[in-house]
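Visitor: For the record, the sequence lines run as chains A and B.
Just so we're aligned: 434 in this note's numbering is position 225 of the first sequence, and the numbers increase by one with no gaps anywhere.
Just so we're aligned: 1269 in this note's numbering is position 222 of the second sequence, and the numbers increase by one with no gaps anywhere.
Glycine included, every Cβ here is placed at the ideal spot set by N, Cα and C.
Remember, predicted model here, so these are calculated numbers, not experimental data.
Quick one: structure below, then a few questions.
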Amino acid sequence: MLSLNNVSKSFGGVKAVDKCSFEVKENTITSLIGPNGAGKTTIFNIISGLTKADSGTIRLSDRNIADLAPYKIAKAGISRTFQLTKVFRNMSIKDNLLIAKNANDNDIKKILESVYLHKPLETLASELSYGQQRLLELARSLLMPHSLLMLDEPTAGVNPEIRRELKLILRSLKKNGKTVLLIEHDMEFVMGISDVVIVLNEGKVLKEGKPKDIVKDKKVLEAYLGK
Amino acid sequence: MIHEYLISILTFISIYSIIVLSLNVVIGFTGLINLGHIVFVGIGAYASAILALNGVPWYISIFAAGILASVFGAAIAAITSRLKGDYLAMVTLGLVFIAVAVSRNWISLTRGALGLPGIPDIIKNNFHYMIFTMAISALSVFLFYRLTNSETGKIFQAIRDNEVAASVLGKNTYFYKIISMAASTFFAGIAGSLLAHHLNFVDPTIFELDFIVTMLVMLIAGGLASITGSVVGVFILYALSESIRFIVVNPSIVGAFREMVFAVVLILILIFRPRGMFGKVDI
């Protein structure tokens, strides 16, 4: 479904992503893991068009999306969330969702129920807690028509209850055959839900494989824990 | 005499309401800090004056003023689309200085500092002209209300709150910023035209920074992203400004005193009511 081929990106003298290649297969949950500064979020930004790669190709299905503007990439079928939530703070929950898709109240209520966000539709996004804003952002990205959902650290900075809810949501996405590319630091969670895990280190793909193979890999352990 | 004075005040309030409302669309609803809004008012005023002085009927000159200002507005939005916040504010403020230089030095078109006198009245009777400006002001309130509550208006607000999020939700933010600016500057141009026909004169002082500061104070006092706030802000501050004439005995200090009052009002609002009277977003 999504393939990156030799994608590189430098910021000044720092190589954030270095000839990175991997593939996300349809109906799978693929997790990108790696230590801080490994280039995970930069790759997300490159895929969604917010950062332009210096070189390499990115294909969604059979279409090269590397040079497209973010809104065209979104229309091509990529929906995403952010490490730090980006809700429309001065707009209501309903208006936040209507920006993603022109939906009726029933559809909006259903999507909110699916992410366990039980608040009146006219509540301003700024009145929600950080965890609830994260759920709203997730609902928004789910409502937007997409073929690939990219979630950047969905469980980061939220309380245990919302963290549990997010896990349930992701399990339900997996059960429904959705294609998800995930950045997550909760290793127990990643290993429990992912079909494929890609380990990044210093902008390069260090290892790619099934969760059970990744946890035993010596290079991966070194990248996380040091030699 | 009092009657004529009140008519004049209400005419100015109507025209200023259009200017502040249109400014609210770009600043309050779309989050584009446009400090050069007065340039588009001036473009409308000059365009309408030149056309009217060359025998073009008023209804064409008013519309042409709006269109010309809108074309300039859209072009500026396209050129500055990558700029945000303070950077956009500085560039748009720079437009004011360019407009002053052009209007002072393009003598063959603007007569420079001498200005363009003798702009014909649209309606001879001042009371009827006041009704006319009120009608256009009411029309702009209606249209801006419809626009800001439409799907396009919601996208403007999404861009204001988080442009990156709007773009990853499939919204062409470049296009919508141009639409916002074009709609806003169209009405700024119309307001400029109404002002020129009301004063029967236009000169480079229309681009003075005092004017944009006054409009900004009215906008902030009324509140960002509020149609009601824009109208009420203009009404209260204009009334306050006019009341100074009766408080200050020495006429030579009325202007300076008015600026002081505006500054105090702005400071008090920022301290005690940062969102203004009806504002829906922070300044």
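Please report the straight-line C-alpha distance between threonine 1291 of chain B and phenylalanine 1304 of chain B, rounded to a whole angstrom.
Guide: Here the question's residue 1291 of chain B lines up with position 244 in the second sequence. Here the question's residue 1304 of chain B lines up with position 257 in the second sequence. Per the sequence shown, the amino acid found at residue 1291 of chain B is isoleucine instead of threonine. One C-alpha to the other measures close to 8 Å.
Visitor: Using a C-beta cutoff of 8 Å, does serine 257 of chain A count as contacting chain B?
Guide: For the purposes of this step, residue 257 of chain A is taken as residue 48 along the first sequence, with counting starting at 1. Yes - at least one Cβ of chain B is within 8 Å of the one on serine 257 of chain A.
Visitor: Just to check my reading of the structure: glycine 1200 of chain B and phenylalanine 1087 of chain B have Cβ atoms closer than 8 Å, yes? What is that Cβ distance to the nearest angstrom?
Guide: For this step, residue 1200 of chain B is matched to residue 153 along the second sequence. For this step, residue 1087 of chain B is matched to residue 40 along the second sequence. At roughly 20 Å, the Cβ-Cβ gap does not stay under 8 Å, so glycine 1200 of chain B and phenylalanine 1087 of chain B are not in contact.
Visitor: Alpha carbon to alpha carbon, how far is isoleucine 423 of chain A from threonine 1139 of chain B? Give it in angstroms, no decimals.
Guide: On the second sequence, position 92 is the one that residue 1139 of chain B refers to. On the first sequence, position 214 is the one that residue 423 of chain A refers to. Computed Cα separation, rounded: 54 Å.
Visitor: Please state whether DSSP places lysine 249 of chain A in a helix, a strand or coil.
Guide: Indexing the first sequence from 1 puts residue 249 of chain A at position 40. If DSSP states are grouped into helix, strand and coil, lysine 249 of chain A belongs with the helices.
Visitor: Measure from the alpha carbon of methionine 300 of chain A to the alpha carbon of each residue in B:Asn1196, B:Ser1064 and B:Phe1233, then state which is nearest.
Guide: Counting from one through the first sequence, the residue named residue 300 of chain A turns up at place 91. The shortest Cα separation from methionine 300 of chain A among B:Asn1196, B:Ser1064 and B:Phe1233 belongs to B:Asn1196.
Visitor: Does DSSP classify glutamate 1210 of chain B as helix, strand or coil?
Guide: The residue you call residue 1210 of chain B lines up with position 163 of the second sequence. Helix at glutamate 1210 of chain B.
Visitor: Looking at isoleucine 317 of chain A: is its Cβ nearer than 8 Å to the Cβ of glutamate 362 of chain A?
Guide: Reading the first sequence from its first residue, position 108 is the one you call residue 317 of chain A. Reading the first sequence from its first residue, position 153 is the one you call residue 362 of chain A. Their beta carbons are not under 8 Å apart, which means isoleucine 317 of chain A does not touch glutamate 362 of chain A by this criterion.
Visitor: With contact counted as at least three CB pairs below 8 Å, one residue from each stretch, are the stretch 1139–1156 of chain B and the stretch 1225–1234 of chain B in contact?
Guide: Output reads no: the stretch 1225–1234 of chain B does not touch the stretch 1139–1156 of chain B.
Visitor: Would you please verify whether the beta carbon of lysine 1131 of chain B is less than 8 Å from any beta carbon of chain A?
Guide: Within the second sequence, the letter at position 84 stands for residue 1131 of chain B. No, lysine 1131 of chain B lies away from the interface with chain A (no Cβ there is under 8 Å from its Cβ).
Visitor: Whole-angstrom Cβ separation of asparagine 438 of chain A and glycine 265 of chain A, contact assumed at under 8 Å?
Guide: In the structure as shown, chain A begins at 210 and stops at 436. Residue 438 of chain A is therefore absent and cannot be evaluated.
Visitor: Could you name the residues of the same chain whose beta carbon sits closer than 7 Å to that of glutamine 292 of chain A, not counting the 5 residues immediately before and after it, in chain order?
Guide: As a position in the first sequence, residue 292 of chain A is number 83, starting the count at 1. Closer than 7 Å at Cβ, skipping near neighbours: Thr250, Asp361, Glu362 and Ala365.
Visitor: Check whether the Cβ atoms of isoleucine 1206 of chain B and threonine 1077 of chain B sit closer than 8 Å, and answer yes or no.
Guide: Taking the second sequence and counting its residues from 1, the one referred to as residue 1206 of chain B is at position 159. Taking the second sequence and counting its residues from 1, the one referred to as residue 1077 of chain B is at position 30. Going by C-beta atoms, isoleucine 1206 of chain B is nearer than 8 Å to threonine 1077 of chain B.
Visitor: Can you give the Cα-Cα distance for leucine 211 of chain A and glycine 1270 of chain B, rounded to whole angstroms?
Guide: Locating residue 211 of chain A in the first sequence gives position 2, counting from the first residue. Locating residue 1270 of chain B in the second sequence gives position 223, counting from the first residue. Roughly 46 Å between the two C-alpha positions.
Visitor: Buried or exposed: which applies to lysine 1171 of chain B, given that a residue is buried once 16 or more other Cβ atoms fall within 10 Å of its Cβ?
Guide: One-based indexing of the second sequence puts residue 1171 of chain B at position 124. Looking at its Cβ environment, which holds fewer than 16 other Cβ atoms inside 10 Å, lysine 1171 of chain B is exposed.
Visitor: Based on Cα-Cα distance, which residue from B:Tyr1285, B:Gly1280 and B:Ile1294 lies nearest to glycine 1323 of chain B?
Guide: Translated into positions along the second sequence, residue 1323 of chain B becomes position 276. Considering only alpha carbons, the answer is B:Gly1280.
Visitor: With H, G and I counted as helix, E and B as strand and the rest as coil, what does DSSP make of glutamate 232 of chain A?
Guide: Taking the first residue of the first sequence as 1, we reach residue 232 of chain A at position 23. Correct three-state label for glutamate 232 of chain A: strand.
Visitor: Using only alpha-carbon positions, find the residue among A:Thr388, A:His394, A:Ala432 and A:Gly418 that is nearest to threonine 237 of chain A.
Guide: By one-based count along the first sequence, residue 237 of chain A stands at place 28. Closest option to threonine 237 of chain A, Cα to Cα, is A:Thr388.
Visitor: Mind pulling the alpha helix (DSSP H) runs of 4 or more residues that sit fully within the stretch 1106–1181 of chain B?
Guide: Within the stretch 1106–1181 of chain B, the complete alpha helix (DSSP H) runs of at least 4 residues are 1132–1152 and 1154–1157.
Visitor: Using only the alpha-carbon positions, how far apart do proline 244 of chain A and lysine 413 of chain A sit?
Guide: The residue you call residue 244 of chain A lines up with position 35 of the first sequence. The residue you call residue 413 of chain A lines up with position 204 of the first sequence. So the alpha carbons of these two residues sit roughly 12 Å apart.
Visitor: What is the rounded straight-line gap between the Cα of proline 1391 of chain B and the Cα of phenylalanine 1119 of chain B?
Guide: This structure does not reach residue 1391 of chain B, given that chain B is present from 1048 up to 1330, and the question cannot be answered.
Visitor: Identify, in the order they occur along the chain, each residue of the same chain with its Cβ nearer than 7 Å to the Cβ of serine 1214 of chain B, setting aside the five sequence neighbours on each side.
Guide: Within the second sequence, the letter at position 167 stands for residue 1214 of chain B. Cβ within range, chain order: Thr1220.
Visitor: Please give me, in chain order, every unbroken run of the beta strand (DSSP E) with length at least 3 that falls completely inside the stretch 347–387 of chain A.
Guide: Complete beta strand (DSSP E) runs here, min 3: 357–361.
Visitor: At what residues does the beta strand (DSSP E) containing glutamate 417 of chain A begin and finish?
Guide: Taking the first sequence and counting its residues from 1, one reaches residue 417 of chain A at position 208. Per DSSP, glutamate 417 of chain A belongs to the beta strand (DSSP E) from 413–418.
Visitor: For isoleucine 1097 of chain B versus leucine 1161 of chain B, is the C-beta distance shorter than 8 Å?
Guide: Within the second sequence, residue 1097 of chain B is the residue found at index 50, counting from 1. Within the second sequence, residue 1161 of chain B is the residue found at index 114, counting from 1. Result no, Cβ atoms of isoleucine 1097 of chain B and leucine 1161 of chain B do not sit closer than 8 Å.
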